[in-house]
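These notes concern the structure reproduced below.
2 protein chains.
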Amino acid sequence: MNKQDYIKTAEGYAYDYPRAAVTTDCVIFGFDGTQLQVLLIERGVEPYKGHWALPGGFLRMDESVEECAFRELREETSIEPEMLEQFGVFSAVNRDPRGRVITIAFYALVRKEAVKGGDDASDARWFDIDSLPHLAFDHNDILKEARQALKRDIHHQPVAFKLLAEHFTMPQLQRLYERILGVTFDRGNFRKKMIASGVVREEQTKPVYTGHRPGKLFSFNLFGYGKMKEDGSNSQEF
Amino acid sequence: MNKQDYIKTAEGYAYDYPRAAVTTDCVIFGFDGTQLQVLLIERGVEPYKGHWALPGGFLRMDESVEECAFRELREETSIEPEMLEQFGVFSAVNRDPRGRVITIAFYALVRKEAVKGGDDASDARWFDIDSLPHLAFDHNDILKEARQALKRDIHHQPVAFKLLAEHFTMPQLQRLYERILGVTFDRGNFRKKMIASGVVREEQTKPVYTGHRPGKLFSFNLFGYGKMKEDGSNSQEF
DNA sequence: ACAAAAGTGTTGTAACTACACCCATGT
DNA sequence: ACATGGGTGTAGTTACAACACTTTTGT
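Residue numbers (the working numbering), protein chains in the order written: chain A, 199 to 436; chain B, 199 to 436.
Rendered as structure tokens:
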């Protein structure tokens, strides 16, 4: 362990220079088949008591910021995502009325069904991303940046499948991409590109009802990302 | 200003819970026409006195982490880059022997000639990125992630020009891309793609010696990024 | 029977790869 | 004169956008 850098006094933990508090906040994305959604919790204490906010909390001395984010998420929502993506630090001097607090922001993609129905925190709720309430602190800003980070990352990593059930239909996948990127795709072209890229594999099972009408089922193919020349020769992209 | 969240005691600034210190560190990339380089400073105090390290320092209470990074960079290297890109937070519990310190990492791209020759800190030096010394703290790790972040970002933003002089030749630009991405490109194709994309413009001036043999000069075309359909219709990328 | 959604096919075009060739310069 | 690096051209191929057509299901 480290040598301690503080002095414990009657007044608390004392340092030579003032220090900011560090928190983590998580943007949890979900997908209901049509709408991109976000998980929020209702604050039970001041400040912003009664307001909706991102799950998160204060960094402890024996954990990294990643561990902190996972822990807070578990405590407040009982969700344990496979991975958290760190996408920004928010440190405006006045962003927290309690004093100087900077926050490290993460996002995660989860399958809504995988979220245990009986949340410890029954004050957690999914919101459509386009009809969010006014959030506590600067969490609306954080959320906006989370969307951009997701938009950016989805180009490189086939992360979308983390939002979908094991099997899914093409239209579902397409809707998801469209909601995330804010664009619309041609049905045929989207399908072809997805299959050609090799990230998606057709299932043998019979088409099943997935919301509206039946559709062929697909699953993600984790091996083979199509052709991917790494280093060596040409593969331009800008 | 915020209400203060600490109590000033004889021992220093006291808080109810222990707090980590927050620092910023900057990876400054440069390019000498052939090699990608990084600016490091030699530490004058313990810990790691005499070791090379990334420029950076402690967050003050009246500044955001971005402001902190800019300030430290100015103080230690007198560089004022146009922008700093935040790419990661390093918070392993034992990363700093002084105690619990987490650092917010940024990178910047600068033109080496633009760096004032007479640095306040004459203990600052450029190092080829492939022959770095062993750095203080976890700065080797930070640097490794900085390279990946740059590699990732260069696909989306024409940031490369920030590393080059106002005018540059195609082979220079190509070498730069190759060094950053760790690949090799076909000369003709690279040239065509660069010009076709619209980010680069041919200069009228006569070819000039730029190191080795003469070559046509180019500059970056900040307007027009070629065709860029935003939202609305198709423009797939995965 | 019809509308709406899912799935498939086709075609013209643009972009990209892989070269081959030429030119200019330094030694 | 020749080797080296810079600049240009081209053919074959692939990838892509646009759109038409067919099939399936709910009402």
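Even for Gly, the Cβ is constructed at its ideal location relative to N, Cα and C.
Check	Outcome
Assigned secondary structure, serine 289/A (DSSP; H/G/I helix, E/B strand, else coil)	coil
Pairwise C-alpha distance: arginine 217/A and alanine 212/B	9 Å
Coarse secondary structure for isoleucine 340/A, derived from DSSP in three states	helix
Partners in chain B for proline 216/A, counting only beta-carbon separations shorter than 7 Å	Tyr204, Tyr211 and Met259
Glutamate 401/B - DSSP class collapsed to helix/strand/coil	coil
Uninterrupted beta strand (DSSP E) stretches inside the segment 216 to 261 of chain B (no shorter than 3 residues)	219 to 229, 234 to 240 and 254 to 256
Interface flag, isoleucine 327/B vs chain A, CB-CB below 8 Å	no
Top-ranked residue by Cα proximity to isoleucine 439/A, from Ala306/A, Ala290/A and Leu307/A	Given a span of 199 to 436 for chain A in the structure shown, any question on residue 439/A remains unanswerable.
Spatial distance of alanine 334/B from glutamate 364/A (CA atoms)	45 Å
Alanine 290/B at chain A interface by Cβ criterion, 8 Å	yes
Those residues which DSSP pairs with tyrosine 375/A across a bridge	According to DSSP, tyrosine 375/A bridges with nothing at all.
Within 8 Å, strictly: CB atoms of tyrosine 305/B and alanine 347/B	yes
Per DSSP, the bridge partner or partners of aspartate 326/A	Gln235/A
Where glycine 316/A falls: helix, strand or coil (DSSP)	Only weak support is given to the placement of glycine 316/A: the predicted model assigns it a pLDDT of 46, under 50, and the question is left unresolved by the model.
Top-ranked residue by Cα proximity to phenylalanine 285/A, from Ile340/A, Arg296/A and Gly380/A	Ile340/A
Any 3 or more C-beta pairs closer than 8 Å across the segment 237 to 251 of chain B and the segment 353 to 362 of chain B	no
Contact under 8 Å by Cβ, leucine 362/A with glutamine 370/A	yes
Contact under 8 Å by Cβ, cysteine 266/B with leucine 257/B	yes
Cβ neighbour criterion (16 or more within 10 Å) applied to tyrosine 215/B	exposed
Delimiting residues of the beta strand (DSSP E) encompassing isoleucine 352/B	Isoleucine 352/B -> no beta strand (DSSP E), and no H or E assigned at all.
Own chain partners of lysine 349/B with C-beta closer than 8 Å, once the 5 adjacent residues on each side are dropped	Ile378, Leu379 and Gly380
Residues of its chain near phenylalanine 383/B, where Cβ-Cβ distance is below 8 Å and the 5 sequence neighbours each way are ignored	Gln372, Tyr375 and Glu376
Pairwise C-alpha distance: aspartate 230/B and glutamate 311/B	9 Å
Where isoleucine 378/A meets chain B, residues with beta-carbon distance less than 7 Å	Per Cβ cutoff of 7 Å: no residues; isoleucine 378/A is ~12 Å from chain B at best.
Span of the beta strand (DSSP E) around leucine 307/A	299 to 307
Whole-angstrom distance between alanine 344/B and isoleucine 327/B, CA atom to CA atom	11 Å
8 Å Cβ cutoff, valine 220/A in contact with chain B	yes
Burial state of alanine 394/A (16 or more Cβ within 10 Å)	exposed
Beta-carbon proximity list for glutamate 400/B, same chain, < 8 Å, skipping 5 on both sides	Ile393, Lys414, Leu415 and Phe416
Contacting positions in the segment 360 to 379 of chain A - beta carbon closer than 9 Å to chain B	Tyr375 and Leu379
Chain A within 8 Å of arginine 298/B, Cβ atoms only	yes
C-beta neighbour in chain B for glycine 316/A, strict 8 Å	Summary for glycine 316/A: the model assigns pLDDT 46, below 50, so the residue's position carries little reliability; its value from the coordinates is reported in the next sentence. Taking Cβ atoms only, chain B never reaches closer than 8 Å to glycine 316/A, which makes this a no.
Any C-beta of chain A under 8 Å from that of isoleucine 277/B	no
Cβ-Cβ distance between aspartate 203/A and glutamate 283/A below 8 Å	no
DSSP bridge partner residues for threonine 207/B (one or two, in chain order)	Gly210/B
Alpha-carbon spacing of aspartate 223/B relative to aspartate 223/A, whole angstroms	22 Å
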